[in-house]
Structures are given as structure tokens and as C-alpha cells.
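Step one of this worksheet: look at the structure below.
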Amino acid sequence: MKAVILAGGLGTRISEESHLKPKPMIEIGGRPILWHIMKIYSHYGINDFVICLGYRGYVIKEYFANYFLHMSDVTFDMDENRMEVHERHAEPWRVTLVDTGQETLTGGRLKRVHKYLDDESFCFTYGDGLADIDIGELVSFHQTQGRLATLTAIRPPDATAP
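Each residue of the sequence shown is one higher than the one before, counting from -13 in the working numbering.
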């Protein structure tokens, strides 16, 4: 099973951060929100990701292009033009990054990544929010219902409650 993650919005409500990088790359605890989302899915055995890029998508491409380097201990031998990896720290992830357009709406983004989904069931989420959801239970529920889609939502806390 794959997880499709929307990572293309402008992030206008948090422009002090998002003018340099897309919302999913804003850090929490030293790691991008996107990384935390992927770790949650990985915990439930989903390690194949399709990420829909838009606004500043190159930042996400550069993050994954350099992921192994940033997660490992390395020595650079400049004289020999060589890099030695001492300790390897990498996730068991397969990440497909697809430029789905800066102005494309949600449905259009999903349509543009359809060819990477192999006509199988998949999870679909936003790349800028974290939630405590048992994804294994959610997938199991979906499979037993025999429906086309299952939507998970939460009711925001009442702002007027004492």
C-alpha cells in the first residue's frame, strides 16, 4: 500500500516560515512535518510514498536527494575526491516526488499521480498536519467496509468552551 501526501500549498497563513519553504518542510523537533507524517505511516508498515509537489517543490526534492547524507556520519576526503560513510541511518522508504503544479487543486494533484498508484488502494493525506490516528486500524476498517473511500476527520475543539 502507498501513501499519497499533498505537499504543494502556499502556506499563506504562516508566511513567516513558508516564504522560504513549503509548509510540509517546516520543522517540529528538528525534523520537517513531512518526515513526521512519513514516520507515522512507516510505523504501520506503509513505506512507499508519492508526494504531490507544488509551491517550492524543489525544497522537498533537495531534502530527499540529500537525505542519506544528512542522516549518516561521513568523512569527505577532499584530496582524494572521496566520501566515506561511517554510519548509515536511513528509513526503509521509497519516495516518488511528482511536480503536480503550483496552482493545481487537490483533485488535479491526485489525477497527476494516478499513474504511480498501480490501481491499488492507497492512503491520501495533507502534508502539513499531524494527528494521532491508528492507520492500521483505519486501513482495516476501510477494507471491511467495501467502499471506494474512507474519510477520517476530527472535530476541532470548541474555541468558545471554557
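Ideal Cβ positions, reconstructed from N, Cα and C, are used throughout, including at glycine.
Query raised in the report: Which whole-angstrom value describes the C-beta separation of TYR30 and GLY122, a residue pair presumed to lie in contact below a C-beta threshold of 8 Å?
Result: 4 Å
Query raised in the report: If you draw a straight line from the alpha carbon of ALA139 to that of MET64, how long is it in whole angstroms?
Result: 52 Å
Query raised in the report: Helix, strand or coil for PRO18 per DSSP?
Result: strand
Query raised in the report: Count the other CB atoms within 10 Å of the CB of PHE127; is the residue buried (16 or more) or exposed (fewer)?
Result: exposed
Query - Cα-Cα separation between PRO8 and GLN88, rounded to whole angstroms - result: 11 Å
Query raised in the report: Alpha carbon to alpha carbon, what distance is there between GLY(-5) and ARG95?
Result: 11 Å
**Report entry** Classification of ARG42 by the beta-carbon crowding that lies within 10 angstroms, buried from 16 upward
**Finding:** buried
Query raised in the report: How do the stretch 73 to 80 and the stretch 46 to 60 stand: do at least 3 beta-carbon pairs fall below 8 Å, yes or no?
Result: yes
Query raised in the report: Roughly how many angstroms separate the alpha carbons of LEU83 and ILE23, rounded to a whole number?
Result: 15 Å
Query raised in the report: Using the rule of at least 16 other Cβ atoms within 10 Å of the residue's Cβ for burial, across every protein chain shown, is TYR44 buried or exposed?
Result: exposed
Report task. Check the DSSP bridge columns for THR61 and list the partner residues they point to. Result -> GLU70
Query raised in the report: Whose C-beta lies closer than 6 Å to the C-beta of LEU116 among residues of the same chain, with five residues either side of it excluded?
Result: HIS22
Query - Where ARG141 falls: helix, strand or coil (DSSP) - result: coil
**Report entry** Endpoints, the beta strand (DSSP E) within which ARG80 is located
**Finding:** 80 to 85
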